[in-house]
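Notes follow once the structure below has been shown.
Numbering (our numbering), first residue to last: 7 to 250.
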(Lines of atoms letter the chains of each structure in order from A and count residues from 1; the text may use other names and numbers.)
(Lines give C-alpha, C1' and ligand atoms only; values in the text may rest on other atoms or scores of the structure.)
Protein backbone atom coordinates (compact mmCIF):
# COMPACT_ATOMS: atom_id res chain seq x y z
CA UNK A 1 0.00 0.00 0.00
CA UNK A 2 1.48 3.40 -0.91
CA UNK A 3 2.39 5.64 1.99
CA UNK A 4 -0.37 7.90 3.23
CA UNK A 5 0.49 11.56 3.39
CA UNK A 6 -1.47 14.12 5.34
CA UNK A 7 -0.86 17.81 5.43
CA UNK A 8 -2.81 20.87 6.32
CA UNK A 9 -3.09 23.38 3.59
CA UNK A 10 -5.37 26.06 2.24
CA UNK A 11 -7.05 24.32 -0.63
CA UNK A 12 -8.67 26.15 -3.55
CA UNK A 13 -12.04 25.05 -2.21
CA UNK A 14 -11.39 26.53 1.23
CA UNK A 15 -10.00 29.70 -0.32
CA UNK A 16 -13.18 30.22 -2.35
CA UNK A 17 -15.48 29.39 0.57
CA UNK A 18 -13.62 31.52 3.09
CA UNK A 19 -12.73 28.63 5.41
CA UNK A 20 -9.62 29.29 7.52
CA UNK A 21 -6.36 27.68 6.53
CA UNK A 22 -5.89 24.25 8.08
CA UNK A 23 -9.62 23.72 8.67
CA UNK A 24 -9.66 20.71 6.39
CA UNK A 25 -7.16 18.07 5.40
CA UNK A 26 -7.10 16.05 2.19
CA UNK A 27 -7.82 12.34 2.33
CA UNK A 28 -5.28 10.37 0.35
CA UNK A 29 -6.63 7.05 -0.87
CA UNK A 30 -4.41 4.96 -3.12
CA UNK A 31 -2.37 8.01 -4.05
CA UNK A 32 -5.24 10.37 -4.94
CA UNK A 33 -7.09 13.09 -3.05
CA UNK A 34 -10.84 12.75 -3.71
CA UNK A 35 -12.05 15.59 -1.48
CA UNK A 36 -11.08 17.53 1.69
CA UNK A 37 -12.47 16.41 5.05
CA UNK A 38 -12.56 17.97 8.54
CA UNK A 39 -9.48 17.51 10.74
CA UNK A 40 -11.34 15.36 13.27
CA UNK A 41 -12.27 12.86 10.56
CA UNK A 42 -8.76 12.96 9.13
CA UNK A 43 -7.43 12.02 12.59
CA UNK A 44 -9.73 8.98 12.64
CA UNK A 45 -8.62 8.03 9.14
CA UNK A 46 -4.97 7.78 10.20
CA UNK A 47 -4.94 6.89 13.92
CA UNK A 48 -1.57 6.11 15.49
CA UNK A 49 -2.65 4.30 18.65
CA UNK A 50 0.91 3.57 19.77
CA UNK A 51 1.54 7.28 20.42
CA UNK A 52 -1.58 7.78 22.56
CA UNK A 53 -2.22 7.36 26.25
CA UNK A 54 -4.63 4.65 27.38
CA UNK A 55 -7.43 7.23 27.59
CA UNK A 56 -6.57 8.47 24.12
CA UNK A 57 -6.74 4.94 22.71
CA UNK A 58 -10.17 4.39 24.26
CA UNK A 59 -11.50 7.70 22.93
CA UNK A 60 -10.15 7.23 19.39
CA UNK A 61 -11.15 3.57 19.14
CA UNK A 62 -14.67 3.96 20.49
CA UNK A 63 -15.31 7.08 18.41
CA UNK A 64 -14.03 5.39 15.27
CA UNK A 65 -16.19 2.30 15.82
CA UNK A 66 -19.31 4.39 16.45
CA UNK A 67 -18.76 6.68 13.46
CA UNK A 68 -17.92 3.82 11.10
CA UNK A 69 -21.01 1.90 12.18
CA UNK A 70 -23.59 4.67 12.23
CA UNK A 71 -22.65 7.81 10.29
CA UNK A 72 -22.51 8.29 6.54
CA UNK A 73 -18.86 9.39 6.65
CA UNK A 74 -17.94 6.13 8.36
CA UNK A 75 -17.30 4.20 5.16
CA UNK A 76 -13.89 5.93 4.96
CA UNK A 77 -12.58 4.59 8.27
CA UNK A 78 -10.11 1.69 8.80
CA UNK A 79 -12.01 -0.14 11.53
CA UNK A 80 -10.64 -3.67 11.02
CA UNK A 81 -6.97 -2.78 11.32
CA UNK A 82 -7.47 -0.38 14.24
CA UNK A 83 -9.42 -2.95 16.26
CA UNK A 84 -6.70 -5.55 15.69
CA UNK A 85 -3.98 -3.02 16.55
CA UNK A 86 -5.74 -2.13 19.80
CA UNK A 87 -5.63 -5.78 20.83
CA UNK A 88 -1.92 -5.94 20.03
CA UNK A 89 -1.24 -2.86 22.16
CA UNK A 90 -3.25 -4.23 25.08
CA UNK A 91 -1.09 -7.37 25.10
CA UNK A 92 2.22 -5.51 25.30
CA UNK A 93 4.18 -5.87 28.52
CA UNK A 94 3.42 -2.99 30.84
CA UNK A 95 0.40 -1.83 28.83
CA UNK A 96 -2.21 0.07 30.84
CA UNK A 97 -4.96 -0.84 28.38
CA UNK A 98 -7.71 -3.10 29.67
CA UNK A 99 -8.70 -5.88 27.27
CA UNK A 100 -12.20 -6.30 28.79
CA UNK A 101 -12.83 -2.55 28.56
CA UNK A 102 -11.61 -2.42 24.95
CA UNK A 103 -13.72 -5.41 23.91
CA UNK A 104 -16.88 -4.34 25.71
CA UNK A 105 -16.56 -0.70 24.73
CA UNK A 106 -16.04 -1.54 21.06
CA UNK A 107 -19.08 -3.83 21.07
CA UNK A 108 -21.29 -1.23 22.77
CA UNK A 109 -20.20 1.53 20.37
CA UNK A 110 -20.74 -0.76 17.38
CA UNK A 111 -24.27 -1.59 18.57
CA UNK A 112 -25.03 2.09 19.21
CA UNK A 113 -23.65 3.13 15.82
CA UNK A 114 -25.70 0.57 13.93
CA UNK A 115 -28.80 1.62 15.88
CA UNK A 116 -28.24 5.23 14.78
CA UNK A 117 -27.85 4.07 11.18
CA UNK A 118 -31.03 1.98 11.39
CA UNK A 119 -33.18 4.79 12.76
CA UNK A 120 -31.67 7.27 10.33
CA UNK A 121 -32.82 5.09 7.44
CA UNK A 122 -36.19 4.32 8.98
CA UNK A 123 -37.10 7.88 9.96
CA UNK A 124 -35.61 9.86 7.09
CA UNK A 125 -35.88 7.41 4.18
CA UNK A 126 -33.73 6.57 1.20
CA UNK A 127 -34.01 9.90 -0.69
CA UNK A 128 -32.61 11.81 2.28
CA UNK A 129 -29.81 9.29 2.75
CA UNK A 130 -28.92 9.44 -0.93
CA UNK A 131 -28.74 13.24 -0.85
CA UNK A 132 -26.69 13.42 2.32
CA UNK A 133 -24.28 10.64 1.35
CA UNK A 134 -22.89 12.67 -1.56
CA UNK A 135 -20.32 10.71 -3.55
CA UNK A 136 -20.62 7.80 -1.12
CA UNK A 137 -24.18 7.22 -2.38
CA UNK A 138 -22.70 5.07 -5.15
CA UNK A 139 -22.22 2.36 -2.49
CA UNK A 140 -25.89 2.42 -1.49
CA UNK A 141 -27.12 0.10 -4.29
CA UNK A 142 -24.42 -2.42 -3.33
CA UNK A 143 -25.60 -2.41 0.27
CA UNK A 144 -29.23 -2.79 -0.85
CA UNK A 145 -28.36 -5.74 -3.08
CA UNK A 146 -26.37 -7.29 -0.23
CA UNK A 147 -29.29 -6.83 2.15
CA UNK A 148 -31.82 -8.26 -0.30
CA UNK A 149 -29.67 -11.34 -0.80
CA UNK A 150 -28.80 -12.08 2.84
CA UNK A 151 -31.65 -10.49 4.78
CA UNK A 152 -31.12 -10.60 8.55
CA UNK A 153 -27.70 -12.23 8.15
CA UNK A 154 -26.52 -9.19 6.18
CA UNK A 155 -26.42 -7.15 9.40
CA UNK A 156 -23.87 -9.62 10.82
CA UNK A 157 -21.85 -10.33 7.67
CA UNK A 158 -21.64 -6.66 6.66
CA UNK A 159 -19.56 -5.91 9.74
CA UNK A 160 -16.56 -7.38 7.95
CA UNK A 161 -17.04 -5.51 4.65
CA UNK A 162 -16.02 -1.83 4.48
CA UNK A 163 -18.57 0.57 2.99
CA UNK A 164 -21.24 -2.11 3.16
CA UNK A 165 -21.12 -2.16 6.97
CA UNK A 166 -21.87 1.57 7.10
CA UNK A 167 -24.86 1.42 4.76
CA UNK A 168 -26.41 -1.93 5.73
CA UNK A 169 -28.06 -0.72 8.98
CA UNK A 170 -29.39 2.29 7.06
CA UNK A 171 -30.80 -0.01 4.38
CA UNK A 172 -32.34 -2.23 7.08
CA UNK A 173 -34.06 0.88 8.40
CA UNK A 174 -35.36 2.03 5.02
CA UNK A 175 -36.62 -1.54 4.44
CA UNK A 176 -38.36 -1.31 7.85
CA UNK A 177 -36.88 -4.50 9.24
CA UNK A 178 -38.52 -5.11 12.65
CA UNK A 179 -36.20 -3.51 15.20
CA UNK A 180 -36.08 -6.47 17.65
CA UNK A 181 -34.78 -8.71 14.85
CA UNK A 182 -32.31 -6.06 13.77
CA UNK A 183 -31.09 -5.60 17.34
CA UNK A 184 -30.30 -9.30 17.75
CA UNK A 185 -28.26 -9.36 14.54
CA UNK A 186 -26.67 -6.04 15.50
CA UNK A 187 -25.43 -7.39 18.85
CA UNK A 188 -24.11 -10.62 17.32
CA UNK A 189 -22.25 -8.73 14.60
CA UNK A 190 -20.82 -6.22 17.09
CA UNK A 191 -19.45 -8.99 19.30
CA UNK A 192 -17.91 -10.93 16.42
CA UNK A 193 -16.39 -7.87 14.76
CA UNK A 194 -15.72 -5.32 17.49
CA UNK A 195 -14.79 -7.59 20.37
CA UNK A 196 -13.57 -10.43 18.16
CA UNK A 197 -10.87 -8.51 16.29
CA UNK A 198 -9.56 -6.95 19.51
CA UNK A 199 -9.30 -10.34 21.20
CA UNK A 200 -7.68 -11.75 18.07
CA UNK A 201 -5.02 -9.04 18.20
CA UNK A 202 -4.44 -9.68 21.89
CA UNK A 203 -4.04 -13.41 21.35
CA UNK A 204 -1.74 -12.85 18.39
CA UNK A 205 0.67 -10.99 20.66
CA UNK A 206 0.26 -13.00 23.86
CA UNK A 207 0.19 -16.65 22.83
CA UNK A 208 3.17 -17.64 20.65
CA UNK A 209 1.77 -20.91 19.31
CA UNK A 210 -1.36 -19.24 17.92
CA UNK A 211 0.36 -16.04 16.80
CA UNK A 212 0.82 -17.04 13.18
CA UNK A 213 -2.70 -18.43 12.95
CA UNK A 214 -4.12 -15.23 14.40
CA UNK A 215 -2.15 -13.07 11.99
CA UNK A 216 -3.34 -15.27 9.13
CA UNK A 217 -6.99 -14.94 10.18
CA UNK A 218 -6.60 -11.18 10.59
CA UNK A 219 -4.89 -10.89 7.21
CA UNK A 220 -7.63 -12.89 5.52
CA UNK A 221 -10.27 -10.73 7.22
CA UNK A 222 -8.64 -7.49 6.09
CA UNK A 223 -8.05 -8.86 2.57
CA UNK A 224 -11.65 -10.02 2.30
CA UNK A 225 -12.86 -6.63 3.49
CA UNK A 226 -10.81 -4.95 0.75
CA UNK A 227 -11.76 -7.34 -2.04
CA UNK A 228 -15.42 -7.66 -1.09
CA UNK A 229 -16.55 -4.33 -2.58
CA UNK A 230 -14.53 -4.96 -5.76
CA UNK A 231 -16.15 -8.37 -6.29
CA UNK A 232 -19.61 -6.96 -5.56
CA UNK A 233 -19.08 -4.13 -8.02
CA UNK A 234 -17.96 -6.51 -10.78
CA UNK A 235 -20.93 -8.78 -10.19
CA UNK A 236 -23.28 -5.81 -10.34
CA UNK A 237 -21.75 -4.69 -13.64
CA UNK A 238 -22.04 -8.22 -15.03
CA UNK A 239 -25.71 -8.40 -14.07
CA UNK A 240 -26.40 -5.03 -15.69
CA UNK A 241 -24.64 -6.21 -18.84
CA UNK A 242 -26.73 -9.38 -18.97
CA UNK A 243 -29.96 -7.45 -18.49
CA UNK A 244 -29.10 -4.97 -21.20
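Cβ atoms here follow ideal geometry from the backbone N, Cα and C, with glycine treated the same way.
- DSSP, read as helix, strand or coil, puts residue 200 in helix.
- Assignment of residue 95 by DSSP, reduced to helix, strand and coil, places it in the helix class.
- Assigned with DSSP and collapsed to three states, residue 167 falls in coil, not helix or strand.
- The Cβ atoms of residue 127 and residue 117 do not sit closer than 8 Å to each other.
- Taking the C-beta atoms as reference points, residue 71 is found nearer than 8 Å to residue 119.
- Secondary structure note for residue 123: its alpha helix (DSSP H) is the uninterrupted segment 105 to 139.
- Counting of Cβ neighbours within 10 angstroms places residue 175 among the buried residues, the total reaching 16 or more.
- The beta carbons of residue 201 and residue 113 sit about 5 Å from each other, so the pair counts as a contact at 8 Å.
- Between residue 67 and residue 108, the alpha-carbon positions lie close to 8 Å from each other.
- Inclusion of residue 161 and residue 195 in the CB contact set at 8 Å is warranted, their separation being smaller than that value.
- Here residue 59 carries a coil assignment [DSSP, helix/strand/coil].
- Between the segment 177 to 186 and the segment 146 to 156 there are three or more C-beta pairs closer than 8 Å, enough to call the two in contact.
- Nearest C-alpha to residue 203 among 89, 55 and 64: 89.
- CA-CA distance, residue 133 to residue 182, rounds to 15 Å.
- Counted as a single uninterrupted DSSP element, the alpha helix (DSSP H) harbouring residue 147 occupies residues 146 to 156.
- When C-alpha distances from residue 185 are compared across 105, 198 and 121, the shortest belongs to 121.
- Per DSSP, reduced to three states, the secondary structure at residue 182 is coil, with no helix or strand assignment.
- In this structure, residue 93 lies away from residue 213, with their beta-carbon atoms at least 8 Å apart.
- In this structure, the straight-line span from the alpha carbon of residue 59 to that of residue 150 is close to 40 Å.
- Annotated three-state conformation of residue 77 is coil, per DSSP.
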